[in-house]
Amino acid sequence: MVERRIKAAKFPSNKSLDSFDFKAMPSLNKMLVMELARCDYITRNENIIAVGNSGTGKSHVALGLGLAACQKGLAVDFITASALVQELLEARDEKRLLRLQKQLSKYSLLIIDELGYVPLSTTGAELLFEVFSQLRARINHCGVQPAVR
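For the sequence shown, position 148 matches number 148 in UniProt numbering, and the numbering has no gaps at all.
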């Protein structure tokens, strides 16, 4: 069952928090990350946004938190912001946007990687904002974005 959830999450790699080098990133609060791995924030409908420079481990931590959620029996989806926007644009054009939004609402945790990394079109950004607005009270988002320079 856990393996099926992990496969369904579409993680680009299986990186756990156990393999994260917290010593290489001393500014990251290890106790907080391990607390988040308990997934209590999901039941409280709290969202996480990880911000930092490229190469600081945001995606690795997000993958680890997603893996922890799968191990707790929760439905997780991992997708890049640009891929999600592309799916939203295609769904809108094919008149199946509501179906896609309903599908997204079935996840307990939606991890959106590279948020803010690739510029989005105005329409794409509006569709993404609409998804965030509609899903806000129903599921959790773990957005991972680079630091703004």
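Glycine residues also receive a C-beta, built at the ideal position from the N, C-alpha and C atoms.
| Item | Value |
| --- | --- |
| Would DSSP call G64 helix, strand or coil? | helix |
| Please state the DSSP three-state secondary structure of A50. | strand |
| Run the CB neighbour count on R5, radius 10 Å, all protein chains shown included, and call it buried at 16 or more, exposed below. | buried |
| Could you check what DSSP says for T80 in three-state terms: helix, strand or coil? | strand |
| Thinking C-alpha only, which one of R99, A62 and R96 is nearest S19? | A62 |
| Any idea what DSSP makes of L97, helix, strand or coil? | helix |
| Could you tell me the distance, in whole angstroms, from the CA atom of T80 to the CA atom of S16? | 19 Å |
| Taking the beta carbon of L104 as the centre, do at least 16 other beta carbons fall within 10 Å, making it buried, or is it exposed? | buried |
| Classify E126 as buried or exposed, calling it buried when 16 or more other Cβ atoms lie within 10 Å of its own Cβ. | exposed |
| If the criterion is Cβ atoms closer than 8 Å, does the pair I42 and A8 meet it? | no |
| Take R149 and list the residues in its own chain whose beta-carbon comes closer than 6 Å to its own, dropping the five residues that flank it on each side. | Model confidence at R149 stands at a pLDDT of 40, short of 50, so the residue's coordinates are unreliable and nothing is read from them. |
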